[in-house]
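Here's the structure, in structure tokens; my notes come after.
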Ligand SMILES: Nc1ncnc2c1ncn2[C@@H]1O[C@H](COP(=O)(O)OP(=O)(O)OP(=O)(O)O)[C@@H](O)[C@H]1O
Ligand SMILES: [Mg+2]
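Protein chains in written order, with this note's numbering: chain R, 730 to 854; chain Y, 332 to 887.
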């Protein structure tokens, strides 16, 4: 199963995603703001990152740009409470998708399966 | 320079008359003075000839008188000159030049002015000249020798012997004859002619000037009348025309001018008409502007609400995410528990509670999303080619179940000749859903909701439009509510049933498409909503492919 990093300053979302993803059998770590997210993503190995947009220290777009600059292959799922340009920009630069809050568990499942199917497809090639 | 200036300032008439008169006077004067000269010459020649003739005759008849020194005879001869008025003086002298007799008074101090040649050139006997006396009066003097012929030797007693044959003779000068004539008569005749010539010249010039004045008047009169009309026109009076019938250049000028005035008058009338129209237009535009201003106020209101909504949404979405996620999560778990043998009895109740929570959380999500549509960032401008009939079909499948539950029939009539339009299919579907659900809420059971599409093809500047019509047989809308239904949060529905955002969101979406929403409603009979969408294609402005992709995902 996969190692997943959750970056969100909102505790309830961190908890929800942690519980849900662990239930699915993944290993989950969390970061509580942008800078925290960057540090963890660069210093540890993950298979996917959930990343909020509006956060203190560094916003989600900055997190995505810094991390993907060094780890281009790491898939990002942006989560956003407001449909705005930052999420769009991240997606246009290569983030996998953006889920607008409040998202359903179904949306989370779909996004993850898209990533991992793509991964296995990449590996089998 | 000054002369030219002067000439330029003269009237047309003076310009014609003055130079022509001067030229004419000059030429008439030149011609008549030339003729006068000729005439004076003629007089003199005549006088010369008559003087010559007379002196010859005198010389001839004085021959014997001189030879015999018969003074009386000579006096008689000279006295015959008294019959001629022009004789001033005459004298006969002998060979030694001592005067034998004389007639008249000799002019004092006569000096030769110029000689002239008599016609008797071969003998150089004469010595004729014009001269002036001390009073500067002019005289004509003739000198002629008095000669005698000696024909035959035998007949003469002078003792000259020569081998001359018969019939031959020699001439001998025996005296001199002198005749001086006055030129008074000639002078008089000349000055007479001069006066006549001058008078004729003056008369001719005056007559010519009068004739010219009349003639030039004939030419310039039409010009003058043209000038008068021009004057009037220049003062803005277009009522008069130059009335000239002639076919010459001036007539042509006049008719050209008339045509010019015609078109001037026409343009002036047009301009006045424009001005009048302009006023009308200004009034219309002012009204339009007022309307736009009201719309602006409205949209200001909306954008303030949008900003507020964005803030609220941001704050609300996180906890809402927690509620929605956890209720779903728990629900899933409970459903799994339920399948176990030792499941608690109340588990169905819990599942129902959580389902309610989940449903209400989804509803909150919808409300927040509706709110967000007011904020600019939530508006997608992701336009593509949209088939409106397809949008209607999609909406039908979406709402059919609900309508069926309420015993309401949906009748759809689609125009077959709709062109595609440039728009956002998802948003248009949202609008149509709103309208149909509103109609459903207003409709009694067993009634019909009509949805149909219609195409108005382009005509002139109008580039064509598609209309989507949603008509119900429901309660209708009261006139006082008719103005308010597009306002955000205006609803007549019970708390929890309507947010009052449906129509204002729909209105915004249709405005984004460059279209409009019209309502026609009679209380108690039903309402008809018409969505008009322009067909004119506009390329989407700032959107990149990527951002449209995101927009699509957000819709999910
Ligand atoms: N077809 C209709 N017949 C009668 N009344 C209508 C109709 N459509 C709209 N209305 C009136 O206009 C009001 C505003 O409609 P709107 O769609 O904006 O809000 P709503 O339907 O009340 O709430 P929401 O659509 O947000 O759930 C409605 O409450 C209703 O009074
Ligand atoms: Mg509604």
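Glycine included, each C-beta is placed from N, C-alpha and C at the ideal position.
Where the alpha helix (DSSP H) containing residue i begins and where it ends
i: residue 856 of chain Y; result: Segment: none, residue 856 of chain Y is in no alpha helix (DSSP H) and carries neither H nor E.
i: residue 798 of chain R; result: 789-799
i: residue 374 of chain Y; result: 343-392
i: residue 726 of chain Y; result: 719-736
i: residue 749 of chain R; result: 740-752
i: residue 818 of chain R; result: 814-821
i: residue 335 of chain Y; result: 333-340
i: residue 407 of chain Y; result: 402-410
i: residue 767 of chain R; result: 763-772
i: residue 803 of chain R; result: No alpha helix (DSSP H) holds residue 803 of chain R; DSSP gives it neither H nor E.
i: residue 811 of chain Y; result: 810-813
Span of the beta strand (DSSP E) around residue i
i: residue 476 of chain Y; result: 469-481
i: residue 509 of chain Y; result: 501-513
i: residue 446 of chain Y; result: 442-446
i: residue 753 of chain Y; result: 752-754
i: residue 744 of chain Y; result: 740-744
i: residue 758 of chain R; result: 756-760
i: residue 734 of chain R; result: 732-736
i: residue 828 of chain R; result: 826-829
i: residue 573 of chain Y; result: Segment: none, residue 573 of chain Y is in no beta strand (DSSP E) and carries neither H nor E.
i: residue 778 of chain R; result: 777-781
Beta-carbon separation (whole angstroms), residue i vs residue j, contact threshold 8 Å
i: residue 510 of chain Y; j: residue 418 of chain Y; result: 7 Å
i: residue 786 of chain Y; j: residue 749 of chain Y; result: 5 Å
i: residue 844 of chain Y; j: residue 757 of chain Y; result: Their Cβ separation, rounded to whole angstroms, is 12 Å, which puts residue 844 of chain Y and residue 757 of chain Y out of contact at 8 Å.
i: residue 771 of chain R; j: residue 789 of chain R; result: Actually they are not in contact, since the Cβ atoms of residue 771 of chain R and residue 789 of chain R sit about 16 Å apart, beyond 8 Å.
i: residue 698 of chain Y; j: residue 761 of chain Y; result: Their Cβ separation, rounded to whole angstroms, is 14 Å, which puts residue 698 of chain Y and residue 761 of chain Y out of contact at 8 Å.
i: residue 653 of chain Y; j: residue 806 of chain R; result: Going by Cβ atoms, the distance from residue 653 of chain Y to residue 806 of chain R rounds to 18 Å, so no, they are not a contact pair.
i: residue 749 of chain R; j: residue 660 of chain Y; result: 6 Å
i: residue 469 of chain Y; j: residue 463 of chain Y; result: 6 Å
i: residue 737 of chain Y; j: residue 830 of chain R; result: Not really, about 33 Å apart at Cβ, beyond 8 Å.
i: residue 520 of chain Y; j: residue 415 of chain Y; result: Residue 520 of chain Y to residue 415 of chain Y, Cβ: 16 Å. No contact.
Residues sharing a beta bridge with residue i, DSSP
i: residue 785 of chain Y; result: Y/798
i: residue 803 of chain Y; result: Beta-bridge pairing links residue 803 of chain Y to no other residue.
i: residue 435 of chain Y; result: Y/420
i: residue 463 of chain Y; result: Y/442, Y/469
i: residue 933 of chain Y; result: Because chain Y in this structure spans residues 332 to 887, residue 933 of chain Y falls outside the shown range and cannot be described.
i: residue 842 of chain R; result: Partner(s): none; residue 842 of chain R has no beta bridge.
i: residue 837 of chain Y; result: According to DSSP, which records beta bridges pairwise, residue 837 of chain Y is partnered with nothing at all.
i: residue 847 of chain Y; result: Y/863
i: residue 425 of chain Y; result: Y/506
Proximal chain R residues relative to residue i, where beta-carbon distance stays under 8 Å
i: residue 645 of chain Y; result: 783, 810, 811
i: residue 641 of chain Y; result: 811
Contact set between residue i and chain Y, taken where Cβ atoms lie within less than 9 Å
i: residue 831 of chain R; result: 647, 648, 649, 650, 651, 652, 653, 654, 655, 656, 692, 693, 695, 696, 699
Interface partners of residue i on chain Y, CB under 8 Å
i: residue 834 of chain R; result: 656, 659, 660, 663
Interface flag, residue i vs chain C, CB-CB below 9 Å
i: residue 516 of chain Y; result: No chain C is part of this structure, whose protein chains are labelled R and Y.
Ligand 4 heavy atom lying under 8 Å from the CB of residue i
i: residue 853 of chain Y; result: As far as ligands go, the structure on display features ligand 1 and ligand 2 and does not contain ligand 4.
Interface positions of the region 738-753 of chain R facing chain Y (Cβ-Cβ less than 7 Å), listed along the chain: So the list reads 739, 741, 742, 745, 748, 749, given in the order they occur along the chain.
Selection of the region 690-702 of chain Y by Cβ proximity to chain R, strictly under 9 Å: Going along the region 690-702 of chain Y in chain order, one finds 692, 693, 695, 696, 699, 700 with a Cβ nearer than 9 Å to chain R.
The region 644-676 of chain Y: positions lying closer than 9 Å to chain R by Cβ: The residues in question are 644, 645, 646, 647, 648, 649, 650, 651, 652, 653, 654, 655, 656, 657, 659, 660, 663, 664.
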